[in-house]
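For what it's worth, my numbering labels the leading residue of the sequence shown as 34, then goes sequentially.
Glycine is no exception: its CB is placed at the ideal position from the N, C-alpha and C atoms.
Given the structure is predicted, the values throughout are model-derived calculations rather than measurements.
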Amino acid sequence: MRSDKIEGKPDDKVGWGSDIAAAMLRRFGIPYVSLNPGASYRGLHDSLVNHLGNEKPSMVLALHEDHAVSIAHGYAKATGEPMACVLHSNVGLMHGMMGLYNAWCDRVPMIVLGATGPLDAAARRPWIDWIHTSSDQAELIRSFVKWDNQPSSAEALVESMARANLLTRTEPTAPVYICLDAGLQESSLEAEPDWPNLARIEAPSPSRPAKADIAKAAKILGEAKRPLILMGRTDWSQKSWDARVELAERLGAVVFTDLKNHAAFPTDHPAHIAPTIPR
Numbered sequence: 034m035r036s037d038k039i040e041g042k043p044d045d046k047v048g049w050g051s052d053i054a055a056a057m058l059r060r061f062g063i064p065y066v067s068l069n070p071g072a073s074y075r076g077l078h079d080s081l082v083n084h085l086g087n088e089k090p091s092m093v094l095a096l097h098e099d100h101a102v103s104i105a106h107g108y109a110k111a112t113g114e115p116m117a118c119v120l121h122s123n124v125g126l127m128h129g130m131m132g133l134y135n136a137w138c139d140r141v142p143m144i145v146l147g148a149t150g151p152l153d154a155a156a157r158r159p160w161i162d163w164i165h166t167s168s169d170q171a172e173l174i175r176s177f178v179k180w181d182n183q184p185s186s187a188e189a190l191v192e193s194m195a196r197a198n199l200l201t202r203t204e205p206t207a208p209v210y211i212c213l214d215a216g217l218q219e220s221s222l223e224a225e226p227d228w229p230n231l232a233r234i235e236a237p238s239p240s241r242p243a244k245a246d247i248a249k250a251a252k253i254l255g256e257a258k259r260p261l262i263l264m265g266r267t268d269w270s271q272k273s274w275d276a277r278v279e280l281a282e283r284l285g286a287v288v289f290t291d292l293k294n295h296a297a298f299p300t301d302h303p304a305h306i307a308p309t310i311p312r
């Protein structure tokens, strides 16, 4: 993969609406943003290059929107962290819909940015802007994203980005979608917005059962004569992996895994019987 560096010093000043979206991605620690370039988000594209210098995040060029979504999907599967992707207007969103549905089914975190407009009809170019503008673009995917928003001001964009980052990282994780008005992207800012303290809006830790319930479950498992473990969606850390192996060995249990959920249990372990095949 070729990495293109931007010559010259990036513009440190947040001067445009699209600079906010780009700057927030960096504040979230998003390393990459996959995209297939489109004119509806030309402002954001410009900000990624000229405001951030194509670093943190770096752009990953895709030849189709479905590929862009799948790249972000794969990154989340490998790291457990969200990546960003950008989909051009309504047409690019329709191209990426199958990938988004797949990511939704797989419960992976992902920040998806889209664009439309200009919503101000007087600012639209003849024909081309009209066919790429939707009053409620997110309706296309609302049933299989966790949350969506279409901010109409710079201040609202800051809030929208912060909420998207929080929600996509909160269990159960799933893609979120923000639609950026082309007019908002290209609007000049008189002053920098009030940046939120992201440490105060971090994703909460996953909920856990009460100690009494854990003790009850342990008693039932300890008394079981032929325990069977069906490994579902699991933590991908080495610590959790080792704990699952230790549990199976202590119980003398047999283990089934699911082909859709990787890294649940070692398939070469004597306790592992076979992956289940969903009907």
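Within-9 angstroms CB hit, residue i to chain C
i: L133; result: Protein chain content of the structure displayed is limited to a single chain, and chain C is not contained in it.
C-alpha gap between residue i and residue j, whole angstroms
i: M194; j: I234; result: 12 angstroms
i: F177; j: L77; result: 25 angstroms
i: T267; j: P205; result: 12 angstroms
i: R140; j: N294; result: 11 angstroms
i: R75; j: L199; result: 26 angstroms
i: M264; j: S273; result: 12 angstroms
i: P303; j: T201; result: 37 angstroms
i: L85; j: E279; result: 46 angstroms
i: A245; j: F298; result: 27 angstroms
i: D162; j: A276; result: 55 angstroms
Where residue i sits in the DSSP three-state scheme
i: D79; result: helix
i: S220; result: coil
i: N198; result: helix
i: D99; result: helix
Opposing strand residues paired with residue i [DSSP bridges]
i: M143; result: P208
i: M92; result: V66
i: T149; result: D214
i: F289; result: L263, A307
i: N182; result: I211
Whole-number beta carbon distance between residue j and residue i, since they are thought to touch under 8 angstroms
i: A109; j: P142; result: 5 angstroms
i: D153; j: H128; result: Not confirmed; about 26 angstroms, so no contact.
i: V145; j: P208; result: 5 angstroms
i: V47; j: E225; result: 5 angstroms
i: V66; j: V93; result: 7 angstroms
i: T149; j: S73; result: 6 angstroms
#### Entry: Entirely enclosed alpha helix (DSSP H) segments - the region 220-268, minimum 4 residues
244-256
### Task
List in chain order: all unbroken alpha helix (DSSP H) runs of 4+ residues lying wholly within the region 104-144.
122-138
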